[in-house]
Each structure stands twice: as C-alpha cells, then as structure tokens.
Amino acid sequence: MEQYIDTIVVGAGFSGIYQLCKLRELGLSVKAVEAAPEIGGTWYWNRYPDKEDLLTYPWNTRYLSRGEIKDYLKHVVQRHDLEKYIQLNTRMESAQYLHHSWQIHLSTGETFRARHLITALGALSKTYFPQIPGLGTFSGEKDHTANWPETHNFSTKRLIITLADEAKQLLSFQRHLQHIVPNGDGPVSAEDRKQINENYDQIWPNVKTNLSGHAITESSIPTMSVTTEERERVFEQVWQTGNGINFLFGTFGDIATSDEANKEAADFIRRNIKQVVKDPIKVRNLTPLGAFNRRPVTVNGYYETFNRDNVDVVNVLNTPMEITPTGVKLSDGTVYDLDAIVFATDSAAVDGMYHDISIIGENGQPLQNHWVDGAKAYLATAMSGPLTNMPPLIETQVDFITSLIATAEAPKERMPIEAQNADTQPWPIVEVTH
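Mapped onto the numbering used here, the consecutive letters of the sequence shown carry residue numbers 3 to 436.
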C-alpha cells in the first residue's frame, strides 16, 4: 500500500540532515531514508584510518577524526529533533516520476508517493576500484582505505599503504604524483576557540565569498610582484602553518590562474621534497613535474615517511601495472611479491551512487540513459569556473532547493518542478596531464 508524503530525502549525511531540517521549517511532511545503520552518510561509509575534516563544532585539534564528525552529525540531529524523521537501514531501490509525483520503492518493501524527491547520496560515498588488469586474480588480502577494517595487523606483511608503522614492508605504487603540503594540525587553545566564536558571524560570510570557499585569508598579491626572498618567506610561512588550500590561495593571489606563479609554488614544493627525502631515487619517484593543479592534498609527515627503510615508492606513470596472483608486475618486467594490496583510490565521485539506483523520468527514460554521454543538469554546480568547499556548497544547494520547494508549495501556486531539456548542460570533462 502506498503511503503519501510531501518529500523523501535519500541520505542522512551533511546535506541530507541539513535538507531535512530546512524542509521541517517549511512545515512539510518529510522522511529521510539512510542505507546505513547510523547517520553520517559518507562519514559512516568511508573508514579511512584517521580520516579528518574541519568543523565549526567544539574540537580539541584543528582536524577531526571520522568518529568525531559522526558525533557532530548526531548532535545536530538531536538538537533539531530530527531522529523521528530518519529511517535507517533503508535503501531507495527505485523512483519513477508519474503524474507530477514520485513513486518510491524502498528496500523494506514500503512504497511512498512523494511530491518531491531529494537525493543526498554523498559525492564521495561510493568506493572506486581502478580497472587494473588481473585485479580479481590476487590471492592475498585486498582492502580499500574507504572500507578500512576496525582492526588490522600488518606487522608481518608487505603492502601498499601509508601505515608504515604497522607494515613489515610498504610499497606505494603511484601514477599521478601529488603536491603535498603539511596540514598544520595541532591543538586548538581556549584563546583560539574564543577568537573564532567572537568572529564567527564574520567568518562564515567570508567563507561564502572567498574564491576557495574556505575560512582563510585569501591573498590578492601577485606572486611575481615581490622579490625571490619574499616569495620564499611567504611560501615557507604557510608551509609551516599548513594547509594545501591555504598554500594555494593564502600565499599569493594568482597561483591558480598564472602559469608563472603556479610554477613558483610547485618549485617550492619540489625543493622541499628534495630537502626532506634523503634517497635520490625516492625523490625522483615522488616529485611531481607538472603544475600544482590537482585537489590540494594536505597531511603531516608524508614525505618523511619515505625515509624509512621499510617504505618505498614506485612510479607507474610510464610503466603500467597488472596484478598477478602473488602481487604486481610492471610492463618493464619488474615483479613485486605482496601479501596484501590496499587501494587508496578514493571514490566514484559525484555521480557514482546514481548508477546503482533506478531513477525513471516521466517519459519512462532511466536517468542512466539520459546520462549515457556524461552527467548533465540544470543549474548544476559542476560547471566550469572556481571550485568550492563542500560545506558552503551544501548549504547553498539546500537553501536553493528549499526556496524552490517553498515557491512550488505556495497557496494556490502549487506546481511541479521540472527542467526543460534545452536548459540542461553537460558537466565539463577536465583532463589533467603531466
């Protein structure tokens, strides 16, 4: 039997919880369904060892662990009395748009009819395994950092992972080398917290107007307008205080837009790699030669790890690899015997989860068919232009969706919300080469 409701929200992570809260403020009947047994969304599914994030919630250090982030989300749900609107251990198996409403089938066997369907599936919630030849033949242990077991013992094994303290031998196979900057993690003092609280009403508006979408002071000074010594001083200062976004936008104002400025920043990082890593072969295999144009990676002690005798790096950009029953074989014939392989290959980002759910439009066309040539959408947030930070992006999306639904639900103005086909635009494909 169908149950009628105004809105179904799929997912109970950051975006799903915020969307649920805003819809309740409109007075709509709403239910959020979450496949996991706990709230948290991406922060439930992704179990990277000590994965961290920055939140405006009382914290002891600048970066929070996965567990602390989940605690924060539970706190938000409890504070806004949202638990009664969330159904856990429940997947949306299919949704079809029929006669200006959605028919939604859940894994529990329930069927809902809702005027509005909002998918908050998580941009990084689906694990990605690379299509490496021989992947299924490996006879040892295979793991993914996003599905990290709660307990693990690698003290007698050789594996591909950054847990150098636990492994007998660690080999890191890298295809695209990263420019990695220390994150500057450390304790947050009572004075730090007091300053943030006193200025919070100004910090968050600045986040939404900053180019990066982060709570940093962005520089407007051109890189080449200062002396070589001053550039070195500025880079070094941010290198010591951290993090990658601050290094990209807080040092100078044109690193992301000027080839010459970008090269100065990249060269500084390359010099630091050479200074920190003692083995010249490891230096060569760790040093990115291209522009500083990927998502800034920020972590303390990364390059120092490669000074350990039990840690090595293999650059496979020009020597493609295949997996064998006993390890890895490179195209040049080099063979590495391994006990375990851990894939640190992140997620099928943004649209990955949509390929696992049947979503059908009013014309009977599945979403997968509509996206056969790539994802496209009306007023999408993946258009060419500056990339922003997830929390302000989520708030912007939720506020817009809530405003749109409020207009559609206005007295005597009730109407369907539907994009015209001519208005939808493909999401651009950006190819990064070295």
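Using N, Cα and C, we set each Cβ at its ideal position, and we do this for glycine too. Every value quoted in this text rests on a predicted model; they were computed, and no experiment measured them.
- DSSP places His372 in the uninterrupted alpha helix (DSSP H) bounded by 369-372.
- In this structure Arg117 touches Thr9 by the C-beta definition: roughly 7 Å separates them, less than 8 Å.
- If you look at Trp104, you'll find it in the beta strand (DSSP E) that goes 103-108.
- With a 10 Å radius around the Cβ and a threshold of 16 neighbouring Cβ atoms, Ile275 comes out buried.
- Inter-segment contact for the region 181-198 and the region 61-70 is present: three or more beta-carbon pairs are separated by less than 8 Å.
- The beta-bridge partner set that DSSP reports for Phe175 consists of Val316.
- In the three-state reduction of the DSSP assignment, Leu250 falls in the helix class.
- In chain order, Thr225, Arg233 place their CB closer than 7 Å to the CB of Glu266, counting only its own chain and leaving out the 5 sequence neighbours on each side.
- Nearest Cα to Leu291 within the set Asn312, Asn302, Asn317: Asn317.
- Assignment of Val32 by DSSP, reduced to helix, strand and coil, places it in the strand class.
- Three or more Cβ pairs closer than 8 Å define a contact, and the region 333-345 meets that threshold against the region 142-149.
- Restricting attention to Asn212, Glu238, Ala122, the CA atom closest to the CA of Phe251 is found in Asn212.
- Taking 8 Å as the upper bound for CB-CB distance, Phe175 and Met323 are in contact here, some 6 Å apart.
- If the five residues before and after Ala412 are omitted, its C-beta is found closer than 8 Å to no C-beta atom of its own chain.
- In this structure Gln277 is exposed. Its beta-carbon is surrounded by fewer than 16 other beta-carbon atoms within 10 angstroms.
- With 16 or more other Cβ atoms inside 10 Å of its own Cβ, Ile362 counts as buried.
- Under the criterion of beta carbons closer than 8 Å, Gly42 and Leu75 qualify as touching, at roughly 5 Å.
- For Arg195, the uninterrupted alpha helix (DSSP H) run begins and ends at 192-211, by DSSP.
- In the DSSP assignment, Glu411 forms no beta bridge with any residue.
- Listed in chain order, the beta strand (DSSP E) elements of length 3 or more contained wholly in the region 223-248 amount to none.
- Counting along the chain, the unbroken alpha helix (DSSP H) around Ser17 starts and ends at 16-27.
- CA-CA distance, Glu36 to Ser227, rounds to 52 Å.
- Here Ile325 is not near Met94, since their CB atoms are 9 Å or more apart.
- Counting along the chain, Ile362 sits inside no alpha helix (DSSP H); it lies in the beta strand (DSSP E) bounded by residues 360-362.
- Under DSSP, Asp145 shares a beta bridge with Val344.
- Bridge partners of Gln5 according to DSSP: Phe114.
- In this structure, Arg177 is the residue among Arg115, Gly186, Phe308, Arg177 with its C-alpha nearest to the C-alpha of Asn320.
- With a cutoff of 9 Å on beta-carbon distance, Gln105 and Thr113 are scored as near each other.
- Its chain contains Phe16, Ser17, Tyr20 as the residues whose beta carbon lies nearer than 8 Å to that of Ile396, once the 5 sequence neighbours on both sides are disregarded; these appear in chain order.
- Here DSSP, grouped into helix, strand and coil, assigns Ser405 to helix.
- Put simply, of Pro135, Thr229, Gly111, Ser96 the residue whose alpha carbon is nearest the alpha carbon of Leu119 is Ser96.
- Excluding five sequence positions before and after Ala408, the CB atoms of its chain that fall closer than 7 Å to its own CB belong to Leu28, given in chain order.
- DSSP lists no beta-bridge partner residue for Leu123.
- Of all alpha-carbon atoms in Val32, Tyr65, Gly13, the one lying nearest the alpha-carbon of Glu40 is that of Gly13.
- As summarised for the region 59-105, the continuous alpha helix (DSSP H) elements at least 4 residues long and confined to that stretch are 68-81, given in chain order.
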